[in-house]
Structures are given as C-alpha cells and as structure tokens.
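Okay, so the sequence shown: first residue is 2 according to this note's numbering, each after it adds one.
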Amino acid sequence: LLERICFPWTSDRDEVDWQLRYDELVQFGEENGRVQVNELENPGLYQWTSYQRQRYRGYGVTELSGHQIKQLEKIGFRWSRRD
C-alpha cells in the first residue's frame, strides 16, 4: 500500500526530492519519447537536468551517487546537451 502512494522510504529529504524530480523526468520521457528537456517546455525540470549534469562533472554542491547515475543512464539521459 505504501509503495502505491509513493511513500518515501528514505529519511533523507534531498534523496526524496531527487527521486520526485527523477520520476517527473521519467513521466516526461514517456509522454514525449525523450528525456532531453527544452527550457521552454518545462523550465523547472530543465533546470534540474542541467544541475544533474553539473553534479555529474563535480561542479554541484554534492556529486551524484552511483545509483543516481545508473538511474539516469537507464532512461537514456545524456550527460551533454550536444549529444
């Protein structure tokens, strides 16, 4: 039951927030056939994806975890907007 309502099993607020945005990106991908977000389509999600790229390169406040990297790569996330 708790999984059906997306109960956050972790107590780490940053991880919960990350997972919510990731789920939003997955939904965007299902609806649009791609996970590369245009700034005009969804400014908030676009900023989040840009920040994930920064974190991947080590420029964010915190780096992405290995698990987060795998999740993003699993859905076809590109680490460069030029790809």
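Backbone N, C-alpha and C fix where the C-beta goes; we use that ideal spot for every residue, glycine too. None of the values given here were measured: they were computed from a predicted structure.
Handout entry: Residue of R83, L73 and S81 minimising C-alpha distance to Q28
Key = Here residue 28 is taken as the residue at index 27 of the sequence shown, counted from 1. Considering only alpha carbons, the answer is L73.
Handout entry: Span separating the alpha-carbon of V36 from that of R14
Key = Reading the sequence shown from its first residue, position 35 is the one you call residue 36. Reading the sequence shown from its first residue, position 13 is the one you call residue 14. The alpha-carbon atoms of V36 and R14 are separated by roughly 24 Å.
Problem - Entirely enclosed alpha helix (DSSP H) segments - the segment 8-58, minimum 4 residues - result: 14-33 and 44-57
Practice task
Report buried or exposed for T50, applying the criterion of at least 16 other Cβ atoms within 10 angstroms of its Cβ.
Solution key: The residue given as residue 50 occupies position 49 in the sequence shown. That one is buried.
Problem - Three-way DSSP call (helix, strand, coil) for G67 in this model - result: On the sequence shown, position 66 is the one that residue 67 refers to. G67 falls in the helix class under three-state DSSP.
Handout entry: Cβ shell of F78 (< 7 Å), same chain only, five flanking positions each side left out
Key = Within the sequence shown, numbered from 1, the residue matching residue 78 stands at position 77. For F78, where only same-chain residues beyond five positions count, the Cβ hits under 7 Å are V36.
Exercise for the section: Could you work out which residue in R82, S81, G67 and R83 is closest to E16 when comparing CA atoms only? Expected result: As a working note, residue 16 is residue 15 in the sequence shown. Closest by alpha carbon: G67.
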